[in-house]
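Structure first, commentary second.
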Amino acid sequence: MSHKGEAYSASGAIFLDNPIRRLIQPPSELIDKLGIAPSDVAVDFGCGPGFFTTELAKRTKKVFAVDISSEMLLKVKNKVTKAKVANVQFLQSDGKNLQLEDNSVDLILLVTVYHEVGDNEAVLKEFHRILKPTGKLAIVEVIKKGALPSAPVQIPEVLKAEIETEDFELQQMRPYKSYGIFLFSKKA
Ligand SMILES: C[S@@+](CC[C@H](N)C(=O)[O-])C[C@H]1O[C@@H](n2cnc3c(N)ncnc32)[C@H](O)[C@@H]1O
Numbered sequence: 371m372s373h374k375g376e377a378y379s380a381s382g383a384i385f386l387d388n389p390i391r392r393l394i395q396p397p398s399e400l401i402d403k404l405g406i407a408p409s410d411v412a413v414d415f416g417c418g419p420g421f422f423t424t425e426l427a428k429r430t431k432k433v434f435a436v437d438i439s440s441e442m443l444l445k446v447k448n449k450v451t452k453a454k455v456a457n458v459q460f461l462q463s464d465g466k467n468l469q470l471e472d473n474s475v476d477l478i479l480l481v482t483v484y485h486e487v488g489d490n491e492a493v494l495k496e497f498h499r500i501l502k503p504t505g506k507l508a509i510v511e512v513i514k515k516g517a518l519p520s521a522p523v524q525i526p527e528v529l530k531a532e533i534e535t536e537d538f539e540l541q542q543m544r545p546y547k548s549y550g551i552f553l554f555s556k557k558a
């Protein structure tokens, strides 16, 4: 269980990466909807135990797996090692000071993370800095009761307005199961 500004506890990792979630929500199904290219550099922000990390890494040039929690990073490292995926770099960060170059990233993916990020304004500014002008910020949140019981249900219009305040523009909102996949670009 987690609240705004408070990381998902590592003991909850079992709810995030297990055969049931894999069956009802295969990582590839969501990743298919992001429009990624093999040359992409991606950030799996709030990667947790790595439910999406290995699949994302298989389809892109490089993935930065970022989490505030050292325990989650240990879990994702084990998972990536087992999967023999070599293009993942791990960063422990709360998102306010990412050790990544300006305009260097094609995709920033947050799956049920945004509602937990403490200082949204600072983190969105940092996303804006590292994202290429052609890059995408993909925010996936629960918009209908049912998906991840611990995640709060978001109001799409409120989420859109909050993120657009930080110089992003919503390009598309795709419903997926109980989630909304919000794809933002930097404002031109
Ligand atoms: C609900 S879990 C989702 C994990 C993964 N995206 C998934 O769908 O399986 C949220 C994750 O975000 C991380 N997190 C929360 N706030 C964060 C922040 N400010 N910076 C980096 N990671 C954060 C937590 O530690 C946790 O691993």
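To convert, count from 1 in the sequence shown and add 370; that's the numbering used here.
Every residue gets a Cβ at the ideal spot worked out from N, C-alpha and C, and that includes glycine.
If you check the C-beta of residue 486 against ligand 1, you find a heavy atom less than 8 Å away. With respect to residue 501, residue 404 sits apart: the two C-beta atoms are not nearer than 9 Å. For residue 393, the three-state secondary structure derived from DSSP is helix. Note that the C-beta distance between residue 511 and residue 494 is not below 9 Å. As the crow flies, the alpha-carbon of residue 424 is around 8 Å from that of residue 449. Using a Cβ distance threshold of 9 Å, residue 551 and residue 509 count as a contacting pair.
Distance from the C-beta of residue 482 to the nearest heavy atom of ligand 1 is below 8 Å. Non-local beta-carbon contacts of residue 418 in its own chain, meaning distances under 6 Å to residues more than five positions away in sequence, involve 386, 442 in chain order. The Cβ atoms of residue 458 and residue 492 do not sit closer than 9 Å to each other. Using a cutoff of 8 Å, the CB of residue 475 does not count as near ligand 1, since none of the ligand's heavy atoms is closer than that.
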